[in-house]
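S.K.: Can you keep this structure in mind? I'll have questions shortly.
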Amino acid sequence: MVVQCFGLGGRYLFASLETESDVYGWLYFDCHWSESIAQLIDNMGALTTLFAGGVLCLNGLLIQKPMGDSSWSRVVGWLDRTAAVWIAIWMLLIAAAHMMRAAVFAELSLPEHAVRYIAPLALAVCGGVGVASCVSSARTRIAVIMLAVAASCTFAAHGYKAYQCYAPFIDLILLSDMQWTNAGFTQATAEKLLVAIGIADILVALVLLAFRSRIAAFYMVVWGLVTAASRMTALGIEAWPETLIRIANGGVPLVILIHWTTKRK
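Under my numbering, the very last position in the sequence shown is 267; numbers go up by exactly one each time.
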């Protein structure tokens with residue numbers, strides 16, 4: 003989540019390809035708010051999310067040290083949960099705004115972005131749970147179920163778009179091939195690959211939920227990270243925020259895989 007927050011800050015605040023979020027677009031173009039107010043809200047949302055990611059990073063370092071049941075540990079837990087809830091809210095707002103503004107596959111925006119806003123909610127559910135009890139905790143079991151549903155939703159949505167040969171996905175394949183592999187992929191080849199990828203993603207999403215398959219989770223880890231990295235392989239290093247903001251595509255399945263593997267030992 004910290005990496006995701008850094009990617010969001012890069013996308014909307016710091017990168018050379020800086021742009022405004024769909025929240026800005028919805029407020030300014032659809033609701034006809036003044037540009038200055040829409041920009042202020044968008045910037046404050048991104049900055050607050052970046053700050054919340056910093057809080058999670060700091061608390062993650064602090065939690066490595068035993069603090070006991072002190073008032074300080076309760077403050078750290080409260081900050082952790084507050085930061086996680088804010089990240090979930092802002093990511094959900096971006097997904098909802100995209101759903102209201104997108105022209106193609108708008109109805110898939112919420113499931114497609116599920117890992118981005120469900121992951122911080124799952125962390126909030128686990129807030130205050132000690133490391134020693136993380137495997138058996140009832141709250142952790144609920145959180146893992148949330149993560150599994152989110153990962154399945156994200157992969158199913160991406161799989162459907164791939165199966166339908168979503169044009170930006172074709173561009174990612176063709177541009178990555180031009181930059182790195184030089185295999186001479188044509189658009190027809192890219193479309194065939196996308197159909198196969200789409201079927202695989204949808205099947206894996208179903209298998210993860212139905213069978214709690216660690217193999218499915220491992221596939222999601224690898225493919226989620228590959229697809230996140232494809233933004234840089236296709237568009238260059240300047241697209242690093244697009245990779246980081248999608249890190250949960252592989253990071254959430256990794257958490258699921260680690261939990262299920264640890265639990266079975």
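Glycine included, each C-beta is placed from N, C-alpha and C at the ideal position.
Can you tell me where the alpha helix (DSSP H) with residue 123 in it begins and where it stops?
M.R.: Residue 123 -> alpha helix (DSSP H) spans 116-127.
S.K.: Please return the same chain residues whose Cβ sits closer than 7 angstroms to the Cβ of residue 164, not counting the five positions on each side in sequence.
M.R.: Same-chain partners within the cutoff: 171, 196, 199, 200 and 203.
S.K.: Sort 214, 182 and 209 by Cα distance to residue 238 and report the nearest one.
M.R.: Of 214, 182 and 209, the residue nearest in Cα terms is 182.
S.K.: Quick one: what does DSSP say residue 38 is sitting in, helix, strand or coil?
M.R.: Reduced to three states, the DSSP call for residue 38 is helix.
S.K.: What is the residue span of the alpha helix (DSSP H) that residue 139 lies within?
M.R.: Per DSSP, residue 139 belongs to no alpha helix (DSSP H) and is neither H nor E.
S.K.: Contact check, residue 27 vs residue 103 under 8 angstroms by CB: the rounded distance?
M.R.: That pair is a contact at about 6 angstroms.
S.K.: How long is the line joining the alpha carbons of residue 100 and residue 22, rounded to whole angstroms?
M.R.: Between residue 100 and residue 22, the C-alpha separation is close to 12 angstroms.
S.K.: Check whether the Cβ atoms of residue 51 and residue 81 sit closer than 8 angstroms, and answer yes or no.
M.R.: Cβ atoms of residue 51 and residue 81: not closer than 8 angstroms.
S.K.: Taking 6 angstroms as the limit between beta carbons, can you name the residues of its chain near residue 261, skipping five residues before and five after?
M.R.: The answer, listed in chain order, is 146.
S.K.: Tell me the rounded alpha-carbon separation between residue 151 and residue 251.
M.R.: Between residue 151 and residue 251, the C-alpha separation is close to 13 angstroms.
S.K.: For the alpha helix (DSSP H) holding residue 110, just list the boundary residues, first then last.
M.R.: That residue, residue 110, is in no alpha helix (DSSP H); it is neither H nor E in DSSP.
S.K.: What would DSSP say about residue 220, mapped onto helix, strand or coil?
M.R.: Correct three-state label for residue 220: helix.
S.K.: Around the C-beta of residue 212, are 16 or more other C-beta atoms found within 10 angstroms, so that it is buried, or is it exposed?
M.R.: Counting Cβ neighbours within 10 Å, residue 212 comes out exposed, since fewer than 16 surround it.
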